[in-house]
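Residue numbers (the working numbering), protein chains in the order written: chain D, 4 to 170; chain B, 8 to 765; chain R, 11 to 195.
All residues carry an ideal CB built from backbone N, CA and C; glycine is no exception.
To keep things clear, I will list the structure first and then write my remarks on it.
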Amino acid sequence: MFSIYGAKPYLKAHEMRLTVNGKAIRIDAEPEMPLLWALRDLAGIKGPKFGCGIAACGACTVLVDGAAVRSCVLPVGQVDGEVTTIEGIGSSEALHPVQQAWIDEQVAQCGYCQAGQIMSAVALLNEIPAPSDEEIDRAMGGNLCRCATYPRIRAAIKRASDTSAET
Amino acid sequence: MSRAGRITRRVFLGTAGAAAAGLAVGYYFYRRPFPNPLEARAADGEAVFSPFVKIAADGPITIIVPRAEMGQGVTTTLAALVAEELDVRLDQIAVEHGPAASAYANIGMLQDAVPFPRFDDSAMVEMLRSGMGIVGKFLAIQGTGGSSSAIDAFERMRHAGALAREALKAEAARRWNVEASGLTTASAAVTNPATGEELSYAELAVDAASVAYSGEPGLRPASEWKLLGRAQPRLDIEAKSTGAPIFGIDVDLPDMVYGTVRMNPALGGRMRGFDAAAAEAMPGVLKIVEIDTHLGHGVGIIARSTWHAFRAAEAVAIEWEEAPAALDDAAVWERLEQAVSGNDGSTFRDDGDVDTAFADAPRERIVEAEYRVPFLAHATLEPMNATARFRDGNLHVWAPNQAPTLLRMACAREAGIDQDRCTIHTTSLGGGFGRRLETDYAVYATRLAMEAGGRPVKVTWTREEDTTHDTYRPAAIGRFKARLGADGLPQALDMKIASPSIIASMLPRLYPSLSAMGADAAIVDGSYNQPYTIPDYRVAGIKADIGLPLGFWRSVGNSYNGFFHEAFMDEVATAGGVDPVELRRRLMANYPTALGVVEKVAEMADWSGETAPNRAKGFAFATSFGSWVAEIVEVSEDSGRIRVENIWVAADVGTALDPGIVEAQLMSGALFGLSAAMFEEINFDAGRAVQTNFHDYEPLRIHQSPKVEIAILQAAAKMGGVGEVGTPPAAPALANAIFALTGERIRRLPLAREVVFA
Amino acid sequence: MKRLILLLFVAVPLPALAQDAGLAEWQKIFEVFSHPRCANCHTQDDHPRWSGAHYGGARIHPFNVRRGPDGFGNTGLTCQTCHQETNAEILHGPPGAPEWHLAPAEMVWFEKSSAEICAQIKDPARNGGMNLEEVAVHVRDDALVAWGWAPGPGREPAPGSAQETFAALERWAGLGAPCPQDADE
């Protein structure tokens, strides 16, 4: 019988507890497993994507207590704070203003990097509501877009900052 | 009451040009329609109108867009082709990719695979093109590539929409006992204007599809379009802005396990042996499997998560054999130099008498240059992956891919089953750029699925595996020579381009017993087929023998010929004392479409205006995939560092079906070209790719990106492609701008070898 | 009288010997401080550095990573966006240690000479207001400094160890903390 645990006796010593998108979840994972894979493969949260595994592309970006973090290099055992993924910033009934700006500017092409881009943009705008071009460049340089939709990313961040400035 | 909507076959004729000469039998098979793949799958209460349209009695209108959505917007634009004629709004439809099927063959992709310039519409070339159309129908390759999807679908899918609309009207006419011609359609409903009565498509669908409709509805002229020709909100934009699990890497199935592969980094080399003991002992590891295929040799891991599989893969002790082509960079350049120095090539353009033109040329009238470009990786941000399940002799494969029918063939072959027992599910692609025309990621997943006891296995490659097991854009050398006349204009051009043949590399991967023969026009695509009128003009392509795996990379041969040709034309302009834009005005005088984009971009960029002391502009032009594109790049210099400030793109695509998406693709293509020009390079050592991840293969980032301005023109006689056409002029426009700024010609890419970018 | 003369023989060369011994200790310290694992984050400009054989030398940290207002990076891309508390296990993944950040710009070591670094280390205005004992203890005990000797896969560690460097600093301080002179001084 092809058991998911193989022939080895399985030790339940690896129960990780996390708060993700406001919910407490328990994951059965070694503490050194990167948060990205714990979220995607064990908790079924697919918003953060895998692009490189070495924190060089930003596709895996989540927020931990509001700060942008590359979940592909954060061991799940070292998570200290509340995790927010793209699923947690808004719903289809009520999109986050950044998501709405992304839609209004028609940013996405293949779309694979965009969850990470949006999370980095949210981290930026949470602290700097009306960022300059320079501040945008300095926040977003770690998020690679192979389709190079950068001009529209910039436009969407500016659009979101105008919106939030109005409210 | 529900009824299956498949009482009458609703099949669809593929389009093609006029039938060329052929056997009567061949003609019969050519004219016979492909079977409609939707019919076998139609649910109860679902009406299938064609391979492209199905309408359910309880509401949903589904349009099949059988092309890979990799960001280029086919989901929206090809659906709009149907919706325009069907008279439905885009928010009233759902779009599916649909199954792998011959009915979805891309005929348009092959019709322009004839080795003549796209703007050559002489009778002979047109006949060759329609011949390729027939071949296309026989080969019936469902593929997304060559910037061809909209061109291929333009007639066919509008026709599908029109047919379904007329069948629905006919049904309403029968129910109301009136003439169909008096009825109107809008927003998924048929209305009788005389009475105000209305019936929704959903109510009519099942009955409508069950009656043979034999009309030949005409297609509406562009002047009547409501959707086409306007920017539409993309149908996939919300999913992509909310991290929705639409990519291959997001596939999630009951009872699924995870896997990865580790194949010989010495490309093409076999595996002498491996010891999996340490890996098998690791937690979460289920099985280690040998993978031994003509596509690669190595091991596969099955585990309880992708990360467990990645870790275990590193722990397998493997003894690799050498690569059959154990080349390093020096060896590659040597072979390219040998090839370009020799005379073994094929001549694709030979106007006038080049040899005589050069024979008595005074030295000072000669311009000569040699250009070099490296191998490039595709580096799609979603790495190679596929999910496969093999159970009871049936194989299902879920994969982001650009060639479902090829995938079906290759996976069925790997599993040792008939193709009709293999189902391909095509997901959204996190980038394609030509890489996902290959089958390896799916074949390896199939192998693992055979060892997984019926459980689905999602096989994800590490980025390192992806970068080092790519099918690379080949390196190339171009040697170009011009003879100037007294007026400073080129009288003669002689171009020799050497590169390994991509199709010769690719064909055996698909059909191991076949080898490609004859000339490969891709080697000179972008140099031999540009609209310059020069009396003596010769372009030859020489195949270099470099046994590394090569593949189609966005714009293919144009990706380096654009650089070679247009960097050289800039050198010609400089040597002749002619402004580069003025040079094009003179040499392209016979091609008003070309002139249109040249003038437009020069105006956008204020080419002849004042330039600040530390700034400069460069110009380039390329026609590729049927579109005409001119670009100007502006650079600035500060403390020895160069910043790419602006790029202006003027592109004539004939008909812009969705200007918003066209603009996005032109921007993407241009920046993709700049990225490669500035930073990208794959080196080789003993047949192994040196670069492995984004710390040493560095595509363009936001802070390095110029501002982009796009103009879309629609004067060209024929519809041209969009996805790739922004790429070829980008590298030369930038290199030419750097020359204008620094006085230094850089003839080898990437430019970061010579300059520092801010 | 003889003892006085003997004393004179000993007293005169002793400071010179102490000077040499001190400089020898400093050399060991300099080899640590100037090593890429230390100097790459002791930069003066806006950028950390990467180095390794496969980069062909030191290069500016990509991704537009910068110092920021306080050495911890910029909003949206702080150092700790990528650098966690421990090294990434994966080759070419980001190294990690608690509180990853750049040293203040006045503590610049990157491309600085032995004399320049020596002067900086002794200058309370540029060493965080510490005396040499405090500097030595900081080098021995600080978790981020400790990273230099356990930098993760594929990176060459700094020479010696935290303990050895601490000891060299103590000895150097005891010998009068002499600084070498630059060739053109």
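Taking all protein chains shown into account, Y518 of chain B has fewer than 16 neighbouring C-beta atoms within 10 Å of its C-beta and is therefore exposed. Under the Cβ criterion of 8 Å, D94 of chain B is not counted among the residues facing chain R. In this structure, the alpha-carbon of V339 of chain B lies about 18 Å from that of R754 of chain B. For the options B:P272, B:A285 and B:A286, the alpha carbon positioned closest to that of G305 of chain B is the one of B:P272. Ranked by Cα distance from G103 of chain R, the first of D:A124, D:A58 and D:I121 is D:A58. Residue pairing from DSSP leaves R279 of chain B without any beta-bridge partner. CA-to-CA, the gap between R486 of chain B and M502 of chain B works out to about 6 Å. Of D:P100, D:E33, D:R155 and D:G119, the smallest CA-CA separation from V65 of chain D is found for D:G119. For H71 of chain R, the closest Cβ of chain B is not nearer than 8 Å. For N84 of chain R, the nearest beta carbon of chain B is not closer than 8 Å to its own beta carbon.
Residues of the stretch 39 to 53 of chain D with a C-beta less than 8 Å from any C-beta of chain R: none at all. When DSSP states are grouped into helix, strand and coil, D335 of chain B belongs to the coil group.
In terms of CA proximity to P114 of chain R, R:C51 leads the group R:L24, R:C51 and R:A34. For N74 of chain R, the nearest beta carbon of chain B is closer than 8 Å to its own beta carbon.
Following the DSSP letters along the chain, one finds G569 of chain B inside the alpha helix (DSSP H) bounded by residues N565 to G583. Non-local C-beta neighbours of G359 of chain B in its own chain, meaning closer than 6 Å and more than five positions away in sequence, comprise P542 and D543, ordered along the chain.
According to the DSSP assignment, N129 of chain D belongs to the alpha helix (DSSP H) that extends over Q117 to E130. Under the rule that a run must span 4 or more residues, the alpha helix (DSSP H) segments found entirely inside the stretch 128 to 172 of chain B read 130 to 146. Residues of chain B with a Cβ closer than 7 Å to the Cβ of M143 of chain D are, in chain order, I709.
For T22 of chain D, the secondary structure class from DSSP, reduced to helix, strand or coil, is strand. Linking D577 of chain B to Y220 of chain B through their CA atoms gives a straight-line distance of about 58 Å. By the neighbour-count criterion, in which 16 or more other beta carbons inside 10 Å mark a residue as buried, N184 of chain B falls on the exposed side.
Taking C-alpha positions only, G307 of chain B is separated from N392 of chain B by approximately 13 Å. Distance between A384 of chain B and N690 of chain B, taken at the CA atoms: about 10 Å.
Beta-bridge annotation (DSSP): I719 of chain B is paired with B:A658. H102, G103 and P104: these are the residues of the stretch 102 to 125 of chain R whose beta carbon lies less than 7 Å from some beta carbon of chain D, given in chain order. Here G492 of chain B is exposed: its Cβ has fewer than 16 other Cβ atoms, across all protein chains shown, within 10 Å.
Taking a Cβ-Cβ cut-off of 9 Å, G84 of chain D has no neighbours in chain B, whose nearest Cβ is about 20 Å from it. L414 of chain B and V450 of chain B have their C-alpha atoms roughly 8 Å apart. Sorting D:A71, D:C75 and D:E90 by C-alpha distance to the C-alpha of G84 of chain D places D:A71 at the top. In the structure shown, C429 of chain B falls within a strand segment according to DSSP collapsed to helix, strand and coil. Residue environment for L24 of chain R: exposed (fewer than 16 other C-beta atoms within 10 angstroms of its C-beta). Secondary structure of P37 of chain D (DSSP, three-state): strand. DSSP places D259 of chain B outside both helix and strand once states are collapsed to three, so it counts as coil. Counting only runs of 3+ residues, the beta strand (DSSP E) found wholly inside the stretch 59 to 111 of chain B occupies 60 to 63, 68 to 71 and 100 to 103, in chain order.
Closest in C-alpha terms to E321 of chain B, from the list R:P190, R:G66, R:L101 and R:L142, comes R:L101.
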